[in-house]
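Asker:
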Amino acid sequence: MNTPAVASESAEPAQAAVTVRDLQIDVAETRTPVVTDISFEITPGEVFGLVGESGSGKTTVGLALLGHARHGLAIAGGSVLLGGRDILALSDEQLRRLRGSVVSYVPQDPASSLNPALRVGLQLREVLEAHAGERDGRGAVRADHSARIAETMREVALPDDPRFLRRYPHELSGGQQQRIGLAMAFANRPRLIVLDEPTTGLDVTTQAHVLSTVRELAKLHDVAALYVSHDLAVVAALARRVAVMYAGRIVELGTAEALFTSAGHPYTRRLIGAIPRLTGGRSLLGIPGHAASPGNRPPGCSFAPRCSLRIEQCEQEIPALRPVSADHMVRCIRAEEVLTQEQRRIGDPIDMPAAEDLAALRLDSVVASYGRVEVVHSVSLSLAAHECLALVGESGSGKTTIARAIAGLHRNWTGKITLGDVPLQASARRRDADSRRRIQYIFQNPYGSLNPRRTVGDIIEQPLRLFGTASGRDASRRVAEMLERVSLTASYAARYPDQLSGGERQRVAIARALVCDPAVLVCDEVTSALDVSVQAAIVELLGNLQRDLGLSMLFITHNLPLVRSIAQRVAVLHEGVIAEIGDAAQVLGTPGQPYTRQLIADTPSLEVAIAEVGLGEPPVEPAPTG
Amino acid sequence: MIPAAGPDVAAAGVPLETPPVRATSLLRRSLRLWRTRIGVGLVGLLVLLAIVGPFVAPYGQSAPVGAPNALPGGKAALGTDYLGQDVLSRLLDGGRSILITAFIATAAGLIVGVVIGLIAAYARNALDDVLMRAMDVIMAFPQIMLALVAVAVVGAHAWVIVVALALTTVPRIARVARGAALPVVERDFIACAEAMGVPRWRILFVELLPNTLGPLMVEASLRMTYSIAVIAALAFLGLSTDPNGANWGTMIYENQTVLPIQPWGAVAPIIAIALLTMGTGLIGDGIARTAAGIDRSRGGE
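Protein chains in written order, with this note's numbering: chain W, 1 to 626; chain A, 1001 to 1301.
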């Protein structure tokens, strides 16, 4: 086995709070390894980042630190040492006492992890009471938990008055719910906290606040924190050391600075290249192919089939995770060569075509409501022919409502929407077929937008039959052409959506939207359900198609950096009103409105994180007072 | 087998959500369970009996073959009934009418119920409430009572029994169809079809219906079970289409008084009805378990 203890221990003088050694987790029945050879340690007060795309095994590792394996998996070997005790060797009862007091967990979705029927104060009290006896010793006088609850609430920046504690989870916002989750995790002053993508569903501003709370609390209480995330920008801003996982193994481990400025593994480099950036309208580079699932992994380096630096030796044996410098380990036999190459930024600058004056779509004082609640207040904008306009805003800003009004799916609006020179009816059903054909909509979630009972070919053919564009053999030919255009093969036509990955499904959705030659394409958060490398590929594809086919595109997103890689103009939506609209480079580079400035400041971005000294927080700093 | 989906579907090879089931594969997968196999076997056996029975029956269903209430043996394998007719021949003859009536009634109730349920789920407005409250009103009448009243008022015609049974089947199917369709209606592929202007009936039956088949199949087999029981019960009460003809329910009624002397006249049809309803019940149970993923713990997928 390749124990990477030598390098990290010499570079890590502080006593580790948690030491993971050679952790292996298998599928219980088949003994197929899911994650293998995981070793790292976290010092007290440190936030350690564990980064990977879907299926890399990062959550599996996070849960193993609590001694837990998901249903169907089994921890097959290795150790998780916490203060000299091996968590993996404990009995269920010992684990139960450990969880919530010595180790705790903050799950991804606060809405489903809090009990909707109990007041939040009671849920906090439960956590304290469950472990009160263990902490104080038997017979100790039970401390008054109210004081501790109030203290914890102040720590997570929530009001500590009894009225707030009497609320139910649904009476709190998403950010407040996640703060309650943090409060529950920190309440017993644990030594280790596992945070599993706790900010995924939150707006950037809320996310920024939650992240700073996590960082401060970990340092204040000397808690070792494992932060599991798919978002490199978030991890770059939060963690000092980061491990990158790919196909069940750590492929690179080092300081965030080392990883993001001079990564030694080709996968890390490609991953960083796929992250959209606020500065510079460059195209994004996806990673071709996809990660092998457990059981189908190649005998050599797992990344070899997708790697441009592959040599014969890569495919023969699994490379060891070895140190390339102090506190920087890479699992690649060509790491030294990779390191000498200049960190490839991202793709070439995009040559955005000039928008034409002719408006393809105009919105004049559109007011949209849900029932009596007005969510969009008098929005006017125009989308020029051959132009990509990004519509950005936080959740609840009304951006999706505008998109659905344009597509005729949201009917409760007044004002005027004109397609070319045709004014549109509110409901899609009352529009003529040509208007419906010329506006196509791509949905956020490719898992919901394709009927699971129909084949891909059937799905893409549907608009052709519906609008009478083509039928029979002609239709099949056009479906095959369209599949090729979205970088799939014609053989996909016979498959069902549940046989495809998320990225492939979104390509099918794009093919369906483009098969009948629309003029306006409305893309509603089309990449938010996808991994960064898949997102990069989809954005690349959409950008190329938009330019080649001369489409007008309304690109709705909450991801500000993404805007620079696809759109010429951007409209910033804030509480149903357009706060700022203009050239993308200008609005995002030198924002004119305070709201836009705030939004950009709260957006985790790689270049900001890299620009800050030492990335994240410096390792040694006096604990904040108060 | 379904090829492994890409990496961003299943985390580390463990499916996060059960994959959507296709109707055919659901039936086929449910056949891996012994309860479904037994159910199919029982139903198959009794259907076969009902179809072939009349042709292989040794005597006519109303032909007197000997002394009344004779025990099995001699000319009559299962003895004779209270009129001296052959029990075996009447048993072989008596299934057909029950099965046909139950099947037609269930099928009619299924079709109407599915249409109402899907329309209610898709409407998402006052129509939903109107339809479902109407279903509640029908459901307030016990199934057997409604059938009894209908037969008593109109007369014991086959179509009256079919209509009465179908009518009581409709609201139960409609509720299940609506319940299964509600989450599907919210999914984006329905919105996508609306944005493209797909006709409403196509959305209902092409987009929506195939995604609700699992629960519907379970409910349909359950309804079939109940229909058989009600028809047999009506016949037992003397309300069958042909009072002199053989019918399992009628046979039980006719021969119940002589149970201590010649039990087979009543017991044989009782066993037949019990096996038939057990069969349809087991099939429904098997499909339900498969749809819920219970089969997987026993080395399924």
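Even glycine gets a Cβ: it sits at the ideal position worked out from N, Cα and C.
Since this is a predicted model, take the numbers as computed values, not measurements.
Mind checking A/W1201: buried by the 16 CB within 10 Å criterion, or exposed?
Answerer: As a working mapping, residue 1201 of chain A is identified with position 201 in the second sequence. Looking at its Cβ environment, which holds fewer than 16 other Cβ atoms inside 10 Å, A/W1201 is exposed.
Asker: Which residues, in order along the segment 450 to 469 of chain W, keep a beta-carbon less than 9 Å from a beta-carbon of chain A?
Answerer: Within the segment 450 to 469 of chain W, the qualifying residues are L450, N451, P452, R453, R454, I459, Q462, P463, L466, F467.
Asker: Beta-carbon of A/F1236 versus every beta-carbon of chain W: anything under 8 Å?
Answerer: The count along the second sequence starts at 1 and reaches residue 1236 of chain A at position 236. So no, A/F1236 is outside the interface.
Asker: For W/F186 and chain A, any beta-carbon pair shorter than 8 Å?
Answerer: As a position in the first sequence, residue 186 of chain W is number 186, starting the count at 1. No, W/F186 lies away from the interface with chain A (no Cβ there is under 8 Å from its Cβ).
Asker: Within 7 Å: the Cβ of W/R306 and any heavy atom of the ligand SAM?
Answerer: Among the components of this structure there are no ligands whatsoever, and the ligand SAM is therefore not found.
Asker: Is it right to say W/S565 is buried, meaning 16 or more other beta carbons lie within 10 angstroms of its own, or is it exposed?
Answerer: Residue 565 of chain W sits at position 565 when you count from the first residue of the first sequence. Buried, because 16 or more other Cβ atoms sit within 10 Å of the Cβ of W/S565.
Asker: Report yes or no: do the segment 118 to 125 of chain W and the segment 178 to 188 of chain W share at least 3 C-beta pairs separated by less than 8 Å?
Answerer: Flag = yes, the segment 118 to 125 of chain W and the segment 178 to 188 of chain W touch.
Asker: Looking only at DSSP bridge pairs, what is W/H328 linked to?
Answerer: Residue mapping note: residue 328 of chain W aligns to position 328 of the first sequence, counting from 1. Bridge partners of W/H328: W/G254, W/S325.
Asker: So, with DSSP's three-state summary, where would you put A/G1117?
Answerer: Sequence index remark: in the second sequence, residue 1117 of chain A carries index 117 (1-based). Three-state result, A/G1117: helix.
Asker: Taking W/Y105 as the reference, give the member of W/S212, W/H68, W/A368, W/N296 with the closest Cα.
Answerer: Start at 1 with the first residue of the first sequence, and residue 105 of chain W comes out as number 105. Closest option to W/Y105, Cα to Cα, is W/H68.
Asker: What is the residue span of the alpha helix (DSSP H) that W/R436 lies within?
Answerer: Numbered from its first residue, the first sequence carries residue 436 of chain W at position 436. First-last of the alpha helix (DSSP H) with W/R436: 433 to 438.
Asker: With a 10 Å radius around its C-beta and 16 neighbouring C-beta atoms as the bar for buried, classify W/M482 as buried or exposed.
Answerer: The residue given as residue 482 of chain W occupies position 482 in the first sequence. Buried, since its Cβ has 16 or more Cβ neighbours within 10 Å.
Asker: Is A/R1028 close to chain W? Criterion is C-beta to C-beta, closer than 8 Å.
Answerer: As a working mapping, residue 1028 of chain A is identified with position 28 in the second sequence. Not one chain W Cβ lies under 8 Å of A/R1028.
Asker: Three-state secondary structure (DSSP) at W/E387?
Answerer: Locating residue 387 of chain W in the first sequence gives position 387, where the first residue counts as 1. Correct three-state label for W/E387: coil.
Asker: Using a Cβ-Cβ cut-off of less than 7 Å, list which residues of the segment 1190 to 1202 of chain A approach chain W; keep chain order.
Answerer: Taking 7 Å as the Cβ-Cβ cut-off against chain W, the residues of the segment 1190 to 1202 of chain A that qualify are A1191, C1192, E1194, A1195, M1196, G1197, V1198.
Asker: Is there at least one Cβ from chain A nearer than 8 Å to W/Y246's Cβ?
Answerer: For the purposes of this step, residue 246 of chain W is identified with residue 246 of the first sequence, where counting begins at 1. False, the Cβ-Cβ gap to chain A never drops below 8 Å.
Asker: Which runs of the beta strand (DSSP E) fall wholly inside the segment 174 to 226 of chain W and span at least 3 residues, in chain order?
Answerer: Runs found: 192 to 196.
Asker: Apart from the five residues just before and just after A/I1287, which ones in its own chain have a Cβ nearer than 6 Å to its Cβ?
Answerer: Here residue 1287 of chain A refers to the residue found at position 287 of the second sequence. Correct list, in chain order: S1030, M1217, V1218.
Asker: Just to confirm the assignment, what range does the beta strand (DSSP E) spanning W/F467 have?
Answerer: As a working note, residue 467 of chain W is residue 467 in the first sequence. Careful: W/F467 lies outside any beta strand (DSSP E) and carries neither H nor E.
Asker: Could you check which residue in W/V587, W/G393, W/V577 has the C-alpha nearest to that of W/E525?
Answerer: Within the first sequence, residue 525 of chain W is the residue found at index 525, counting from 1. The residue with the shortest Cα to Cα distance from W/E525 is W/G393.
Asker: Confirm, please, whether the CB-CB distance from A/R1172 to A/R1223 is below 8 Å.
Answerer: Here residue 1223 of chain A corresponds to residue number 223 of the second sequence, with the count starting at 1. Here residue 1172 of chain A corresponds to residue number 172 of the second sequence, with the count starting at 1. Against a cut-off of 8 Å, the Cβ pair of A/R1172 and A/R1223 comes out as a contact.
Asker: Could you check which residue in A/W1264, A/G1155, A/L1182 has the C-alpha nearest to that of A/L1239?
Answerer: On the second sequence, residue 1239 of chain A is found 239 positions in, with the first residue counted as 1. Out of A/W1264, A/G1155, A/L1182, A/G1155 has the C-alpha closest to the C-alpha of A/L1239.
Asker: On the three-pair Cβ rule with 8 Å, is the segment 72 to 85 of chain W touching the segment 305 to 318 of chain W?
Answerer: In short, these stretches do not touch, since the Cβ pair count stays below three.
Asker: Mark A/L1127 as exposed unless 16 or more other C-beta atoms lie within 10 angstroms of its C-beta, in which case mark it buried.
Answerer: As a first step, residue 1127 of chain A is located in the second sequence; it is residue number 127 there, counting from the start. Exposed, since its Cβ has fewer than 16 Cβ neighbours within 10 Å.
Asker: My output table needs one value for A/K1075: the three-state DSSP class, helix, strand or coil.
Answerer: As a working note, residue 1075 of chain A is residue 75 in the second sequence. Three-state DSSP puts A/K1075 in coil, outside helix and strand.
Asker: Under 8 Å: do the segment 206 to 216 of chain W and the segment 23 to 34 of chain W share three or more Cβ pairs, one atom per stretch?
Answerer: The segment 206 to 216 of chain W, when compared against the segment 23 to 34 of chain W, does not touch it at the 8 Å Cβ threshold.
Asker: Whole-angstrom Cβ separation of W/G52 and W/Y227, contact assumed at under 8 Å?
Answerer: Taking the first residue of the first sequence as 1, we reach residue 52 of chain W at position 52. Taking the first residue of the first sequence as 1, we reach residue 227 of chain W at position 227. No, W/G52 and W/Y227 are not in contact; Cβ-Cβ is about 12 Å, not under 8 Å.
Asker: Are the C-beta of A/R1175 and some C-beta of chain W separated by less than 8 Å?
Answerer: Position 175 of the second sequence, counting from 1, holds the residue named residue 1175 of chain A. Not one chain W Cβ lies under 8 Å of A/R1175.
Asker: Got a sec: which bits of the segment 410 to 436 of chain W sit with their beta carbon under 8 Å from any beta carbon on chain A, in order along the chain?
Answerer: The residues in question are A428, R429, R431, A433, R436.
Asker: So, helix, strand or coil for W/A567, using DSSP?
Answerer: Residue numbering aside, residue 567 of chain W sits at position 567 when the first sequence is read from its first letter. Note: W/A567 maps to coil in three-state DSSP.
Asker: Below 8 Å between beta carbons: does that hold for W/P604 and W/V234?
Answerer: Along the first sequence, one-based indexing puts residue 604 of chain W at 604. Along the first sequence, one-based indexing puts residue 234 of chain W at 234. Cβ atoms of W/P604 and W/V234: closer than 8 Å.
Asker: Quick check: what's the CA-CA separation for A/I1138 versus A/A1150?
Answerer: For this step, residue 1138 of chain A is matched to residue 138 along the second sequence. For this step, residue 1150 of chain A is matched to residue 150 along the second sequence. Answer to the nearest angstrom: the Cα atoms are 13 Å apart.
Asker: With DSSP collapsed to three states, give me the class of W/V141.
Answerer: Within the first sequence, numbered from 1, the residue matching residue 141 of chain W stands at position 141. In this prediction, W/V141 scores a pLDDT of 45, lower than 50, which makes its location untrustworthy; the coordinate-derived value is nonetheless stated afterwards. If DSSP states are grouped into helix, strand and coil, W/V141 belongs with coil.
Asker: At least one CB of chain A closer than 8 Å to the CB of W/G201: is that the case?
Answerer: Taking the first sequence and counting its residues from 1, the one referred to as residue 201 of chain W is at position 201. Taking Cβ atoms only, chain A never reaches closer than 8 Å to W/G201, which makes this a no.
Asker: Return no unless some Cβ of chain W is closer than 8 Å to the Cβ of A/N1211.
Answerer: Here the question's residue 1211 of chain A lines up with position 211 in the second sequence. Interface residue, yes.
Asker: Just to make sure I have the definition right: I need the residues of chain A whose C-beta is within less than 7 Å of the C-beta of W/A407. Which are they?
Answerer: The count along the first sequence starts at 1 and reaches residue 407 of chain W at position 407. Within chain A, the residues near W/A407 are A1195.
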